[in-house]
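Same order as they appear, the protein sequences are chains A and B. FYI, full-length UniProt numbering numbers position 176 of the first sequence as 176, with every residue one higher than the one before it. FYI, full-length UniProt numbering numbers position 11 of the second sequence as 11, with every residue one higher than the one before it.
Number of protein chains: 2
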Amino acid sequence: MRVVATAGQPQAAPLDAFELHEREMPTPGEGDLLVRIDAVSVNPVDTKIRQGAFLPSDQHNVLGWDAAGRVESVGANVEHFAPGDRVYYAGEVERPGCNAEYQLVDARLAAKAPSQLSAEEAAAMPLTALTAWEALFDKLRLSQGDATHRDQTLLIINGAGGVGSIAIQLARQLTGIKVIATASRDTSAEWCRRLGAHEVVDHHDLVANMQQAGHEQVDYIFNCHDIGDHWNNMVTLIRPLGHIVAIAETQKPVDLNALQGKAVTFSWEFMFARPLHGADIAHQGQILATLAAHFDAGRLRSTLSDIVGPLTPANLGEAHRRLETGHTTGKLVLGAMPAS
Amino acid sequence: MRVVATAGQPQAAPLDAFELHEREMPTPGEGDLLVRIDAVSVNPVDTKIRQGAFLPSDQHNVLGWDAAGRVESVGANVEHFAPGDRVYYAGEVERPGCNAEYQLVDARLAAKAPSQLSAEEAAAMPLTALTAWEALFDKLRLSQGDATHRDQTLLIINGAGGVGSIAIQLARQLTGIKVIATASRDTSAEWCRRLGAHEVVDHHDLVANMQQAGHEQVDYIFNCHDIGDHWNNMVTLIRPLGHIVAIAETQKPVDLNALQGKAVTFSWEFMFARPLHGADIAHQGQILATLAAHFDAGRLRSTLSDIVGPLTPANLGEAHRRLETGHTTGKLVLGAMPAS
Chain A
1 MRVVATAGQP QAAPLDAFEL HEREMPTPGE GDLLVRIDAV SVNPVDTKIR
51 QGAFLPSDQH NVLGWDAAGR VESVGANVEH FAPGDRVYYA GEVERPGCNA
101 EYQLVDARLA AKAPSQLSAE EAAAMPLTAL TAWEALFDKL RLSQGDATHR
151 DQTLLIINGA GGVGSIAIQL ARQLTGIKVI ATASRDTSAE WCRRLGAHEV
201 VDHHDLVANM QQAGHEQVDY IFNCHDIGDH WNNMVTLIRP LGHIVAIAET
251 QKPVDLNALQ GKAVTFSWEF MFARPLHGAD IAHQGQILAT LAAHFDAGRL
301 RSTLSDIVGP LTPANLGEAH RRLETGHTTG KLVLGAMPAS
Chain B
1 MRVVATAGQP QAAPLDAFEL HEREMPTPGE GDLLVRIDAV SVNPVDTKIR
51 QGAFLPSDQH NVLGWDAAGR VESVGANVEH FAPGDRVYYA GEVERPGCNA
101 EYQLVDARLA AKAPSQLSAE EAAAMPLTAL TAWEALFDKL RLSQGDATHR
151 DQTLLIINGA GGVGSIAIQL ARQLTGIKVI ATASRDTSAE WCRRLGAHEV
201 VDHHDLVANM QQAGHEQVDY IFNCHDIGDH WNNMVTLIRP LGHIVAIAET
251 QKPVDLNALQ GKAVTFSWEF MFARPLHGAD IAHQGQILAT LAAHFDAGRL
301 RSTLSDIVGP LTPANLGEAH RRLETGHTTG KLVLGAMPAS
């Protein structure tokens with residue numbers, strides 16, 4: 001089978017380092033699915049690993065952990081999937097990625113893809129939707145339903161990014177909370193409103209903008225941006241006994257003591273923590289199945305913003321380049337590899 | 001009425017700065033109790049404020065936020081208390097403390113004292129028990145009952161201190177979790193065991209000691225010590241998706257990023273956050289009422305370790321001195337002021 005890989009170790013590989021390689025077709029382990037890839041999406045984890053973060057190893061020059069495809073074959077112990085099933089999943093960052101014709105994935109991490117979504121629309125969702133779901137419902141423990149959060153407010157920092165775009169929808173569609181998203185450009189602000197944000201504020205001078213909008217404090221903050229950039233803003237804006245969840249580490253010093261006087265809780269969300277540590281990983285397949293039902297019922301929609309093209313070295317480099325600008329809205333997707 | 005106060009502003013007042021002063025008898029506001037103080041206890045918040053922390057003001061030279069006493073009179077809107085009731089409470093750090101003959105307290109922050117405890121035994125408990133309760137049940141969200149935490153482990157760092165001593169009991173008596181407490185001296189280790197700790201480990205070289213005891217990781221950590229001293233230990237010992245709660249800020253730098261890979265949650269517990277910010281403060285009176293029932297049923301016992309003497313300037317200075325050594329087990333208490 002063919003893969004799109006960086007040459008050798010991925011440390012600090014440039015954008016044009018992607019090449020076509022031939023690999024042996026992998027054989028599913030007893031709990032695995034072998035999936036023929038129909039579409040993939042790119043995420044910051046890809047560009048970070050391409051630049052040498054996390055787990056550099058020979059295997060990791062096949063990046064990509066967000067896919068939709070069709071089951072080609074299943075391992076001996078797999079019960080709920082059969083060849084031909086359309087599936088979607090993020091997978092696990094310790095195994096080779098989905099920038100390939102075929103990929104293995106632990107069946108517990110996958111779910112049947114939403115039937116109303118194209119492969120490209122489905123491939124846009126798993127990593128960010130799992131992240132947003134775990135952040136909102138496992139970490140912040142928001143209740144689904146209208147009643148509990150009627151008088152509460154959630155601030156989503158970087159609302160137009162991949163995670164923010166599905167977080168806005170999940171919070172708006174599944175809870176009764178007021179959703180405030182940050183965005184600074186007209187197009188990204190409009191994107192957030194269309195996804196369901198009740199209000200959009202500019203993240204430049206965030207505290208002043210929040211106060212001007214009548215929000216001295218919020219009950220919850222979901223920070224989808226470098227936590228160092230907004231640490232002091234979060235300290236000011238979070239209410240006493242409030243809860244912050246974040247996904248992006250920082251190189252800037254942050255003063256954890258500053259949250260003490262308000263007795264605040266700070267949670268890290270990291271989607272790959274479950275598969276990396278083998279912690280109840282079936283939870284992620286279950287979340288994806290629940291999300292698929294919401295997509296098919298029209299309660300959620302794909303955050304796909306652009307299909308860069310089929311999965312080729314040049315298109316993958318272009319998707320990485322655009323992601324690294326930090327100005328993409330929603331998700332960038334690539335289709336299946338062209339026939340050889 | 002007489003009070004034991006530091007002369008003037010409390011900034012950096014030495015241990016011998018306490019003096020007897022005469023103050024006007026205060027008049028209860030509509031939601032207040034006027035309480036005749038029978039016993040008080042000392043906590044790190046007292047020594048910190050004496051040294052100039054938090055909220056220096058003229059009022060704050062009467063320290064002490066842990067008391068048992070009898071209701072002398074009640075405000076117009078107080079419903080559930082009557083003169084003569086024995087009460088106990090921590091109160092709120094923005095109002096004058098309990099190192100006095102009489103004190104005002106918001107009735108919502110108080111409860112009837114456990115009937116089976118002496119005034120000294122009761123005065124030892126409110127601040128630390130509220131802290132431990134909120135940390136275990138509101139922050140870590142431990143379930144009461146035997147089933148949920150049967151296979152889980154809670155590490156309590158500084159188990160023999162004031163908060164640790166009641167946290168051990170609450171976790172052991174009200175949940176089915178395995179409780180590991182840290183202590184380094186024979187007397188404090190024995191104290192932790194008597195309070196119900198399943199195991200005690202030395203906090204010097206904590207990770208190695210935990211591994212030797214067969215605990216590579218724990219589900220929950222309640223850190224009752226400077227978080228900087230044990231930050232790296234906590235990063236190593238907390239399980240993926242685990243939860244840490246802490247009460248003591250640090251002057252040392254801590255690397256919040258280090259908890260990201262395990263997707264850990266970190267909560268600050270600060271008992272005075274509710275009264276300071278007016279956040280559902282009746283919660284604290286309710287907790288104290290629940291605790292009183294547990295004390296009276298014999299499920300919990302007072303962590304009083306020594307009665308320093310009656311409330312005099314010299315005895316209060318001595319209590320502060322002993323607390324500042326960092327080697328007290330349980331709680332130090334002072335009795336009522338001697339008759340003038």
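We treat Cβ as the ideally placed atom computed from N, Cα and C, and that holds for glycine. From a predicted model like this one, the values you see are computed outputs, not experimental measurements.
Opposing strand residues paired with residue i [DSSP bridges]
i: His243(A); result: Tyr220(A), Thr265(A)
i: Val200(A); result: Ala181(A)
i: Gly309(B); result: Leu334(B)
i: Asp146(B); result: None, per the DSSP bridge assignment.
i: Gly326(A); result: Per DSSP, none; premise fails for Gly326(A).
i: Arg108(A); result: Per DSSP, none; premise fails for Arg108(A).
i: Asp226(A); result: Ala248(A)
i: Thr175(B); result: Gly145(B)
i: Asp32(B); result: Asp106(B)
i: Ala39(A); result: Ala68(A), Gly335(A)
i: Leu291(B); result: According to DSSP, Leu291(B) bridges with nothing at all.
i: Val87(A); result: Gly69(A), Lys112(A)
i: Gln130(B); result: Correcting the residue identity first, residue 130(B) is Leu in this sequence and not Gln. Answer by DSSP bridge pairing: none, since Leu130(B) is not bridged.
i: Leu304(A); result: Lys331(A)
Buried versus exposed call for residue i [16 or more other C-beta atoms within 10 Å across all chains shown]
i: Met271(A); result: buried
i: Asn77(B); result: exposed
i: Pro253(A); result: exposed
i: Pro114(B); result: buried
i: Asp151(A); result: exposed
i: Pro126(B); result: buried
i: Arg194(B); result: exposed
i: Pro83(A); result: exposed
i: Gln260(B); result: buried
i: Leu142(B); result: buried
i: Pro338(A); result: exposed
i: Met25(B); result: exposed
i: Gln284(B); result: buried
i: His225(A); result: buried
i: Glu94(A); result: exposed
i: Thr187(A); result: exposed
i: Gln286(B); result: exposed
i: Ser165(A); result: buried
i: Gly69(B); result: buried
Secondary structure of residue i, DSSP reduced to three states
i: Glu19(A); result: strand
i: Val93(A); result: coil
i: Ser184(B); result: coil
i: Leu237(A); result: helix
i: Leu140(B); result: coil
i: Ile166(A); result: helix
i: Gly285(A); result: helix
i: Thr6(A); result: strand
i: Leu259(A); result: helix
i: Thr153(B); result: strand
i: Val45(B); result: helix
i: Gln103(B); result: strand
i: Pro56(B); result: Any reading at Pro56(B) must be qualified, since the residue scores a pLDDT of 49, below 50, and its modelled position is unreliable; no value is offered.
i: Val74(B); result: strand
i: Asp205(A); result: coil
Nearest-angstrom Cβ-Cβ length linking residue i and residue j, presumed shorter than 8 Å
i: Asp205(A); j: Ser184(A); result: About 10 Å; that fails the 8 Å criterion.
i: Asn99(B); j: Leu155(B); result: About 34 Å separates the two Cβ atoms, so there is no contact after all.
i: His320(B); j: Thr47(B); result: 5 Å
i: Glu269(A); j: Thr148(A); result: So it is not a contact: roughly 20 Å between Cβ atoms.
i: Gly326(A); j: Ile307(A); result: Not really, about 20 Å apart at Cβ, beyond 8 Å.
i: Thr153(B); j: Val218(B); result: 4 Å
i: Gly228(B); j: Ala197(B); result: Contact flag wrong, Cβ pair sits at about 24 Å.
* Asked: Would you call the segment 39-47 of chain A and the segment 316-332 of chain A in contact, with 3 or more CB pairs under 8 Å?
  -> yes
* To do: Would you be able to state if there are at least three C-beta pairs under 8 Å between the segment 118-138 of chain B and the segment 159-177 of chain B?
  => yes
* Within the chosen definition, does the segment 18-34 of chain B reach the segment 99-110 of chain B through at least 3 CB pairs nearer than 8 Å? -> yes
* Are the segment 274-288 of chain B and the segment 235-253 of chain A touching, with three or more C-beta to C-beta distances below 8 Å? -> yes
* Asked: Would you say the segment 115-129 of chain A touches the segment 86-97 of chain A, given that touching needs at least three Cβ pairs under 8 Å?
  -> yes
* Would you call the segment 217-233 of chain A and the segment 253-267 of chain A in contact, with 3 or more CB pairs under 8 Å? -> yes
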